[in-house]
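Written below as structure tokens is the structure these notes are about.
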Amino acid sequence: MIRIVIADDHPIVRAGLRAVIDSEVDLDIVGEASTPSAAIELADSLAPDVILMDLQFGTDETGVDATTRIQQLPSAPHVLVLTNYDTDMDILGAVEAGAAGYLLKDAPPHELLAAIRAAAAGESALGPTIASRLLGRMRNTQNVLSPREQSVISLVADGATNADIARSLHISESTVKSHLVHIFTKLDATSRTSAVAEARSRGIIR
């Protein structure tokens, strides 16, 4: 029996997932969490095999934060991200945090069930859309932003100045400027505005 915890702040989403999962004889939902901190507590106290983790909870703490902390538990469960977000920054952030898989919420039920079973078996579980995006990213590595560059352009998109970015990322302003030069080159952009627009059109940031 695969023991599952659902971590999502929307009751309707949790109810929908329960409706799909409850029909499977080998899957058992042992708990639900509406916040990242609750997900961490249930991961520790219930010892599930898989946690279905959303990325955004309307709080300062995110699903990636929770995944990072869950992976530090003595008997860490496998985390399967289930979200609406498919940007490079979201996907790579989740994978780097230790997520076993990444699936979009519009995936058909059979893909979700297959991903849960794959994650429980210790296998990678990437939805077709996500796998395609990562494959495309690997094929075009020379023009892909590094994780740090993604953080910089994301902050630029939020309206941050170079000084703001330097403080937020604990780097110098000269380093910020260097990152921006590389970003502009990779995105073939000539300004902060055009760089943000291009990053959004490529799905690098939201």
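Counting from -7, one number per residue, gives the positions in the sequence shown under our numbering.
C-beta: ideal position from N, C-alpha, C; glycine also.
Any idea if residue i is buried or exposed, counting beta-carbon neighbours within 10 angstroms, 16 or more meaning buried?
i    : result
T59  : buried
Q64  : exposed
I4   : exposed
G114 : exposed
T153 : exposed
Do you know how far the Cα of residue j is from the Cα of residue i?
i    : j    : result
Q142 : A91  : 19 Å
L105 : S164 : 46 Å
T158 : S146 : The sequence shown places Ala at residue 158, not Thr. Each residue's alpha carbon lies about 13 Å from the other.
D1   : A7   : 11 Å
G85  : H70  : 16 Å
I43  : T182 : 43 Å
Taking the alpha helix (DSSP H) that residue i falls in, what are its first and last residues?
i    : result
I175 : E165 to L179
H102 : P101 to A112
D52  : Segment: none, D52 is in no alpha helix (DSSP H) and carries neither H nor E.
What span of residues does the beta strand (DSSP E) with residue i cover, start to end?
i    : result
E33  : Here E33 belongs to no beta strand (DSSP E); instead the alpha helix (DSSP H) covers P28 to L38.
R194 : Segment: none, R194 is in no beta strand (DSSP E) and carries neither H nor E.
D57  : Unbroken run through D57 is the alpha helix (DSSP H), G55 to I62; no beta strand (DSSP E).
R159 : Element bounds for R159: not the beta strand (DSSP E) but the alpha helix (DSSP H), N154 to L161.
Which residue wins for smallest C-alpha separation from residue i, given the options the options?
i     : options                : result
P139  : D80, H2 and L179       : D80
I(-6) : V87, A155, G55 and L19 : L19
Leaving aside the five residues before and after residue i along the sequence, list all residues of the same chain whose C-beta is less than 8 Å from its C-beta, in chain order.
i    : result
R184 : V148 and L172
Can you give me the Cβ contacts of residue i inside the same chain, cut-off strictly under 6 Å, excluding the 5 residues immediately before and after it?
i    : result
F176 : A187
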